[in-house]
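Student:
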Amino acid sequence: MKVVGLIIALLAGSLLVYATADFPPLGDPNSPASVHVSPRYIEKTMEETDVPNIVTSVLADYRGYDTMFETTVIFCAGVACFLLLRVYRREEPQERLYRHVLTGVTIHVKAGKLPPSPDFERIDSAWTPHDLIIKTICRLLIPFIQLFALYVIAHGHHSPGGGFQGGVMLGASVIVLAMSQDLRTAVRRLREKADALMCATGVFIYAGTGALCLLLGSNFLDYSALAPVLHVDPIMARSHGIFMVEVGVGVAVMGVMIWIYNNVSSMGKYDEGL
Amino acid sequence: MLWQLDLAVLTLVVVVGIGSIMVKDLLGAAIMFGAYSFLMCLLWSIMGAVDVAFTEASVGAGVSTVFFVAAVFRTTRRTKD
Amino acid sequence: MMGEFMQAVIAKYNYWIYITLMMIGLYAMIAKNNLIKKIVGMNIFQTAIILFYVSIGVKKGGTLPIVEHGHGAHAHAVHAADYLNPLPHVLMLTAIVVSVATLGVALALGVKVYREYQTLEEDEILARIREK
Numbered sequence: 131m132k133v134v135g136l137i138i139a140l141l142a143g144s145l146l147v148y149a150t151a152d153f154p155p156l157g158d159p160n161s162p163a164s165v166h167v168s169p170r171y172i173e174k175t176m177e178e179t180d181v182p183n184i185v186t187s188v189l190a191d192y193r194g195y196d197t198m199f200e201t202t203v204i205f206c207a208g209v210a211c212f213l214l215l216r217v218y219r220r221e222e223p224q225e226r227l228y229r230h231v232l233t234g235v236t237i238h239v240k241a242g243k244l245p246p247s248p249d250f251e252r253i254d255s256a257w258t259p260h261d262l263i264i265k266t267i268c269r270l271l272i273p274f275i276q277l278f279a280l281y282v283i284a285h286g287h288h289s290p291g292g293g294f295q296g297g298v299m300l301g302a303s304v305i306v307l308a309m310s311q312d313l314r315t316a317v318r319r320l321r322e323k324a325d326a327l328m329c330a331t332g333v334f335i336y337a338g339t340g341a342l343c344l345l346l347g348s349n350f351l352d353y354s355a356l357a358p359v360l361h362v363d364p365i366m367a368r369s370h371g372i373f374m375v376e377v378g379v380g381v382a383v384m385g386v387m388i389w390i391y392n393n394v395s396s397m398g399k400y401d402e403g404l
Numbered sequence: 010m011l012w013q014l015d016l017a018v019l020t021l022v023v024v025v026g027i028g029s030i031m032v033k034d035l036l037g038a039a040i041m042f043g044a045y046s047f048l049m050c051l052l053w054s055i056m057g058a059v060d061v062a063f064t065e066a067s068v069g070a071g072v073s074t075v076f077f078v079a080a081v082f083r084t085t086r087r088t089k090d
Numbered sequence: 029m030m031g032e033f034m035q036a037v038i039a040k041y042n043y044w045i046y047i048t049l050m051m052i053g054l055y056a057m058i059a060k061n062n063l064i065k066k067i068v069g070m071n072i073f074q075t076a077i078i079l080f081y082v083s084i085g086v087k088k089g090g091t092l093p094i095v096e097h098g099h100g101a102h103a104h105a106v107h108a109a110d111y112l113n114p115l116p117h118v119l120m121l122t123a124i125v126v127s128v129a130t131l132g133v134a135l136a137l138g139v140k141v142y143r144e145y146q147t148l149e150e151d152e153i154l155a156r157i158r159e160k
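Just so you know, the sequences run in chain order A, U and H. Under the numbering used here, the first residue of the first sequence is numbered 131, with each subsequent residue one higher. Under the numbering used here, the first residue of the second sequence is numbered 10, with each subsequent residue one higher. Under the numbering used here, the first residue of the third sequence is numbered 29, with each subsequent residue one higher.
1. For chain U, find out if any of its Cβ atoms is closer than 8 Å to the Cβ of residue 97 of chain H; answer yes or no.
2. Cα-Cα, which of H/83, H/96, H/78, H/86 is closest to residue 64 of chain U?
3. Just how far apart, CA to CA, sit residue 118 of chain H and residue 264 of chain A?
4. Let me know if residue 30 of chain H comes out buried or exposed under the rule of 16 or more other beta-carbons within 10 Å of its beta-carbon.
5. Is it the case that the Cβ atoms of residue 182 of chain A and residue 288 of chain A are separated by a distance below 8 Å?
6. Have a look at A/372, A/178, A/387 and flag the residue whose alpha-carbon is nearest the alpha-carbon of residue 190 of chain A.
7. So, helix, strand or coil for residue 238 of chain A, using DSSP?
8. Would you call residue 158 of chain H buried or exposed, if buried means 16 or more other Cβ atoms sit within 10 Å of its Cβ?
9. Using Cβ-Cβ distances below 8 Å, what residues of the stretch 47 to 65 of chain U are close to chain A?
10. Given a cut-off of 8 Å on the beta-carbon distance, is the pair residue 387 of chain A and residue 72 of chain U in contact?
11. In chain H, what lies closer than 9 Å to residue 196 of chain A by C-beta?
12. Assuming residue 211 of chain A and residue 136 of chain H are in contact, meaning their beta carbons sit under 8 Å apart, how far apart are those beta carbons, in whole angstroms?
13. Would you verify that the beta carbon of residue 143 of chain A is, or is not, closer than 8 Å to some beta carbon of chain H?
14. Could you give the first and the last residue of the continuous alpha helix (DSSP H) run that contains residue 178 of chain A?
15. Need the endpoints of the alpha helix (DSSP H) that residue 327 of chain A sits in, please.
16. Tell me residue 250 of chain A's beta-bridge partners as DSSP assigns them.
17. Determine the contact status of residue 299 of chain A and residue 282 of chain A, defining contact as a CB-CB distance below 8 Å.
18. Using the rule of at least 16 other Cβ atoms within 10 Å of the residue's Cβ for burial, across every protein chain shown, is residue 13 of chain U buried or exposed?
19. Going by other Cβ atoms of all chains shown within 10 Å of its Cβ, with 16 needed for buried, is residue 270 of chain A buried or exposed?
20. Which residues does DSSP pair with residue 91 of chain H in a beta bridge?
21. In whole angstroms, give me the CA-to-CA distance for residue 319 of chain A and residue 403 of chain A.
22. On the DSSP letters alone, give me the boundaries of the alpha helix (DSSP H) that residue 62 of chain U sits inside.
23. Would residue 70 of chain U count as contacting chain H if we go by Cβ distances under 8 Å?
24. Within the same chain, show all residues whose beta-carbon is closer than 7 Å to that of residue 149 of chain H, passing over the 5 residues directly before and after it, in chain order.
25. Considering Cα atoms alone, identify which of U/67, U/25, U/58 is closest to residue 86 of chain H.
26. Going by DSSP, what residues sit across from residue 183 of chain A in a beta bridge?
27. Are there three or more Cβ pairs, one per stretch, closer than 8 Å when the stretch 193 to 207 of chain A is compared with the stretch 327 to 342 of chain A?
28. Can you pull the chain A residues whose beta carbon is under 8 Å from the beta carbon of residue 88 of chain H, in chain order?
29. Can you check which of these residues, A/368, A/247, A/149, is closest to residue 166 of chain H by C-alpha distance?
30. Write down the C-beta distance between residue 173 of chain A and residue 108 of chain H rounded to the nearest angstrom, noting that I regard them as a contact closer than 8 Å.
31. For residue 149 of chain H, write down the residues that DSSP places opposite it in a beta bridge.
32. With three or more beta-carbon pairs closer than 8 Å as the criterion, would you say the stretch 235 to 254 of chain A touches the stretch 212 to 226 of chain A?
33. Measure from the C-beta of residue 60 of chain H to each C-beta in chain U and report whether the shortest distance is under 8 Å.
34. Does any residue of chain A have a CB that is nearer than 8 Å to the CB of residue 108 of chain H?
35. Answer yes or no: do residue 57 of chain H and residue 69 of chain H have a C-beta to C-beta separation smaller than 8 Å?
36. What do you get for residue 146 of chain H, buried or exposed, if any count of 16 or more other CB atoms within 10 angstroms of its CB means buried?
Listed below in structure tokens is the structure:
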């Protein structure tokens with residue numbers, strides 16, 4: 131298998147090298163990719179959408195269909211993870227581990243019984259040291275991570291960033307909670323149902339914005355039709371439409387990242403995480 | 010685009026890429042893959058694709074490394090190749 | 029002759045590296061025995077494609093694809109030659125996020141396989157399937 135793989139890889143590589151000989155040199159301003167449609171995007175984006183970041187305007191406005199179905203793909207991936215891994219059959223472990231919060235003494239408790247006093251907290255059966263510094267620092271950092279993520283989503287029109295990056299960071303903030311405390315704490319904060327609903331809501335916000343344009347008598351995802359609803363001129367309406375769509379993307383991506391992490395790290399049991 | 014920096018990072022990317030598939034420990038492979046993603050992020054900010062670099066820094070170097078570590082933690086670190 | 033060759037190699041250095049990375053990824057996907065290693069190979073393959081697209085978008089003398097004087101100053105004329113090509117960036121931005129989604133599904137499959145067969149090695153899994 132190794133030899134076959136090497137031969138196939140070398141064959142594919144040599145074909146690509148042969149094809150690369152015809153490419154224009156790196157950084158050529160007159161290469162075919164740079165003269166066909168992108169000059170129009172670069173020159174018209176300010177007067178048509180009022181969004182300085184060309185990447186954002188192309189992503190959410192000129193190529194809105196593309197991004198909508200990418201969001202759907204991400205949603206489908208979350209659902210696929212859930213369907214592959216989630217198990218509802220509860221098989222109780224033989225014994226659970228509890229730690230005394232003040233002294234750090236760990237005790238084993240048989241299945242079906244409760245710890246002797248409420249001062250005990252449940253810990254994972256894998257190696258979990260008593261890490262006060264990590265817990266405290268992560269708890270302090272999470273609000274700032276979320277604030278920065280909201281800034282990234284809202285300021286995507288003027289600087290690098292947007293729904294995808296901000297959504298991933300919002301998801302990462304909850305994943306940090308699940309890693310520094312334990313999975314049960316994070317799931318108590320954001321229930322599985324709420325998470326699944328969030329994924330679907332994100333896709334719905336995106337598609338709903340498009341459908342709203344349709345209802346107001348324009349094409350699907352043509353945000354200039356939103357002008358009478360938002361009380362702005364059509365150009366500004368496109369800018370606001372891009373923002374609405376980015377919020378939808380952010381919500382969907384956040385939900386899917388948390389969903390995949392919860393399922394993979396607990397093998398679908400939602401009991402003991404990383 | 011600084012071509013010296015570009016060349017150096019491109020060479021490093023290949024080295025780390027080979028390393029991540031050669032190392033005989035899956036947790037090591039996951040961490041090497043995180044380093045690979047981060048070098049890719051550096052490469053894209055050198056080439057001016059700031060949005061792509063931002064996405065790669067948050068997605069590739071952040072979340073996908075966490076997914077790899079979670080999967081390795083739930084399965085096994087053992088590998089024969 | 030030699031100088032021209034070296035010129036050609038350096039002028040398309042990014043393209044040679046993307047081919048190398050693609051070969052590494054393809055080799056890992058075909059020849060590696062461990063499923064997680066195969067997934068790492070798949071991700072390296074994906075980043076190689078992204079490197080190819082971003083290399084296409086590079087323009088000598090172009091700056092970042094964010095319009096300067098973006099706040100309200102509509103009098104400035106925008107020249108396409110001053111900015112990098114934003115189109116490959118857009119396509120690859122979504123491709124990266126989709127790649128993490130596919131990575132999640134692939135890892136879920138890997139975890140499921142491990143739950144079923146207690147191993148991630150391809151030959152051992154095949155042996156256990158034949159035993160049954």
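Idealized CB from N, CA, C, for every residue including glycine. Small disclaimer: the values here were computed from a predicted structure and weren't measured.
Tutor: On the basis of the data shown:
1. So no, residue 97 of chain H is outside the interface.
2. Residue 64 of chain U has its Cα closest to that of H/78, out of H/83, H/96, H/78, H/86.
3. Rounded to the nearest whole angstrom, the CA to CA distance from residue 118 of chain H to residue 264 of chain A is 37 Å.
4. Burial check for residue 30 of chain H: the Cβ neighbour count within 10 Å stays below 16, so the residue is exposed.
5. Residue 182 of chain A places its beta carbon less than 8 Å from that of residue 288 of chain A.
6. Distances from the alpha-carbon of residue 190 of chain A to those of A/372, A/178, A/387 put A/372 closest.
7. DSSP places residue 238 of chain A within a strand segment (E or B) once states are collapsed to three.
8. Exposed, by the Cβ-count rule.
9. Cβ contacts with chain A: 59, 60, 62, 63, 64.
10. Yes.
11. The answer, in chain order, is 118, 119, 122.
12. A Cβ-Cβ distance of about 5 Å is found for the pair residue 211 of chain A and residue 136 of chain H, placing them in contact under the 8 Å criterion.
13. Yes, because at least one Cβ of chain H sits closer than 8 Å to the Cβ of residue 143 of chain A.
14. Secondary structure note for residue 178 of chain A: its alpha helix (DSSP H) is the uninterrupted segment 168 to 179.
15. Residue 327 of chain A: member of the alpha helix (DSSP H) spanning 322 to 345, first to last residue.
16. In DSSP, residue 250 of chain A forms a bridge with A/230.
17. Result yes, Cβ atoms of residue 299 of chain A and residue 282 of chain A sit closer than 8 Å.
18. The residue in question, residue 13 of chain U, is exposed, as its Cβ has fewer than 16 Cβ neighbours within 10 Å.
19. Classification of residue 270 of chain A: exposed, given that the 10 Å Cβ count is below 16.
20. Per DSSP, the beta bridge partners of residue 91 of chain H are H/111.
21. Roughly 15 Å separates the two Cα atoms.
22. Looking at the DSSP string, the run of the alpha helix (DSSP H) that includes residue 62 of chain U is 59 to 64.
23. The Cβ of residue 70 of chain U sits no closer than 8 Å to any Cβ of chain H.
24. Around residue 149 of chain H, the same chain offers 61, 62 as residues with beta carbons nearer than 7 Å, after the five sequence neighbours per side are excluded.
25. Looking at the Cα atoms, U/58 is the closest of the given residues.
26. According to DSSP, which records beta bridges pairwise, residue 183 of chain A is partnered with H/94.
27. Enough Cβ pairs lie closer than 8 Å, so yes.
28. Within chain A, 157, 158, 159 have C-beta atoms less than 8 Å from the C-beta of residue 88 of chain H, given in sequence order.
29. As displayed, chain H neither begins before 29 nor continues past 160, which places residue 166 of chain H out of reach and without an answer.
30. That belief holds up - the Cβ atoms of residue 173 of chain A and residue 108 of chain H are roughly 6 Å apart, short of 8 Å.
31. For residue 149 of chain H, the beta-bridge partners assigned by DSSP are H/62.
32. Output reads yes: the stretch 212 to 226 of chain A touches the stretch 235 to 254 of chain A.
33. Yes, because at least one Cβ of chain U sits closer than 8 Å to the Cβ of residue 60 of chain H.
34. Judged by the 8 Å Cβ criterion, residue 108 of chain H is in contact with chain A.
35. Yes, the pair counts as a contact, with Cβ atoms nearer than the cut-off.
36. Exposed, since its Cβ has fewer than 16 Cβ neighbours within 10 Å.
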